[in-house]
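Residue numbers (the UniProt record's numbering): 1 to 409. Built from N, CA and C at the ideal position, the CB exists for glycine as well. Source: prediction; values computed, not measured. Worksheet for the structure shown next.
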Ligand code: ADP
Ligand code: ASP
Ligand code: MG
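Structure follows, in structure tokens:
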């Protein structure tokens, strides 16, 4: 007998009909004689609705109260799914994160899972029940409710699969696998049969929201077989695997993008040791994460310093920089929150020169101006104006023939 963890996202549990459909899928899987643990998200739109409600009460609600509120979304769907399962004759039992005892640290709204108590789940499974667990939430040692960051139900599912040594963790969603890029932006995107953990991690961290980054980290670390597939249509989906030396690597596996970016520039900064620290120190101090950083070559003993942050932190970062600008005797601060980051990802990139040139040539042909560039061994990221997002993604998809099966390289 095998053990599977199924995870169903917001769209898949977005209406009573869809929840009944999930129940059918679970019952079908169970009829093969396997044990099933189901993790569900809140109904689609619910977490956003709760966030908006909170902001009607308080401009900056406390993160502790935010978690108490946000965790309610998943509490609704676990109960409804258990009811649907029981109505169809399948014994089931639902648990919130706290009831399982998914122990987390106390970093409210972005907590990390520390430990999972599997006793209750194991005894339910042994008694023949399907166990339904609320995604995205846990509890601290002190008994406070926490949430794991947006998209966190993926991480709950993988963490449960790791803790219970499940045979596979199946992430059921509204697309039938991981594609070369978001199929909503590029209809010619191609589903991948397999993708390595390394590539999936890079895609997720560069903005592909199909899996939460932490879920991929967790799966890689604990060797959890992970598959992304559709909750609406049958199919093999995409398997996230370890790199196999024998398998030839495609040059580029996909294109990720991130709309949540903003960029800030301090102009006319005196070019002397310590300025980068003087600029970024106060930003880090305010808990603002910095992504790309570019410092121009100095002219006239001054330089321009540019970096990107999450769009939500843009105003705060701008205020901090104004103060730094005065203190440093720099010329001025400018900013732009209508930019996006587009990234080309592929482990095959490592061994090939000329990828960047091909990328920039394709963008130039479409008249897309590149505002920033950053590279690593397996990715090239560019920042462009938001209005070019779709065009840039489609242009690169075409330029690297991603709609076609890769030839051996
Ligand atoms: P769920 O609610 O099931 O967790 P999400 O909305 O979080 O679903 O993730 C699925 C969505 O991810 C898809 O609808 C798709 O628009 C988006 N997506 C982004 N990049 C990709 C990609 N490379 N492959 C597949 N889907 C992607
Ligand atoms: N409901 C949460 C969200 O919308 C968690 C999840 O869906 O994974 O982010
Ligand atoms: Mg998701």
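- Out of 6, 304, 9 and 88, the CA that lies nearest to the CA of residue 372 is found in 304.
- For residue 212, the secondary structure class from DSSP, reduced to helix, strand or coil, is coil.
- Taking all protein chains shown into account, residue 273 has fewer than 16 neighbouring C-beta atoms within 10 Å of its C-beta and is therefore exposed.
- Residue 349 is bridged by DSSP to nothing; it lacks a bridge partner.
- Approximately 7 Å separates the beta-carbon atoms of residue 135 and residue 7; this is inside 8 Å, confirming the contact.
- Per the C-alpha coordinates, the member of 2, 25 and 44 positioned closest to residue 34 is 2.
- Going by C-alpha positions, residue 312 is about 21 Å away from residue 146.
- Annotation note: the stretch 331 to 408 contains the following uninterrupted alpha helix (DSSP H) runs of length 4 or greater, listed N- to C-terminal: 355 to 365 and 389 to 399.
- Residue range 3 to 8 is occupied by the beta strand (DSSP E) that includes residue 3.
- Residue state for residue 94 is assigned as strand, using DSSP reduced to three classes.
- By the CB criterion at 7 Å, residue 92 and residue 86 fall inside the cutoff.
- Less than 7 Å separates the beta-carbon of residue 254 from that of residue 180.
- Restricting attention to alpha helix (DSSP H) runs no shorter than 4 residues, the UniProt domain "ACT" (264 to 338) encloses them at 275 to 285 and 314 to 328, ordered along the chain.
- Under the three-state reduction of DSSP output, residue 122 falls in the helix class.
- Here residue 308 has 261, 263, 291 and 292 as same chain residues with Cβ atoms under 6 Å from its own Cβ, once five neighbours each way along the sequence are excluded.
- Nearest in C-alpha terms to residue 148, of all of 199, 318 and 212, is 212.
- If you compare the alpha carbons of 163, 328, 340 and 363 with that of residue 387, the shortest gap goes to 340.
- Cβ-Cβ distances below 7 Å link residue 154 to 7, 171, 211, 212 and 215 in the same chain, with the five nearest sequence neighbours on each side left out; the list follows chain order.
- When the five nearest sequence neighbours on each side are left out, the beta carbons in the same chain lying within less than 7 Å of the beta carbon of residue 144 are those of 64 and 106, in order along the chain.
- For residue 184, there is no enclosing beta strand (DSSP E), as DSSP gives it neither H nor E.
- Residue 148 carries a coil assignment under DSSP once its states are collapsed to helix, strand and coil.
- In the three-state reduction of the DSSP assignment, residue 38 falls in the strand class, which pools E and B.
- A direct Cα-to-Cα measurement between residue 355 and residue 103 gives close to 44 Å.
- Around the beta-carbon of residue 319, fewer than 16 other beta-carbon atoms lie within 10 Å, marking it exposed.
- In the DSSP assignment, residue 72 falls within the unbroken alpha helix (DSSP H) covering 63 to 87.
- In its chain, beyond the 5 residues on either side, 151 have a beta carbon closer than 7 Å to the beta carbon of residue 209.
- Under the 10 Å beta carbon count, residue 67 is surrounded by 16 or more other beta carbons and is classified as buried.
- In terms of CA proximity to residue 401, 251 leads the group 42, 251 and 54.
- Not one heavy atom of the ligand ADP is found less than 6 Å from the C-beta of residue 77.
- Per DSSP, reduced to three states, the secondary structure at residue 19 is helical.
- Partner residues in a beta bridge of residue 259, as assigned by DSSP, do not exist.
- Around the beta-carbon of residue 25, 16 or more other beta-carbon atoms lie within 10 Å, marking it buried.
- Within 6 Å of the C-beta of residue 38 there is not a single heavy atom belonging to the ligand ADP.
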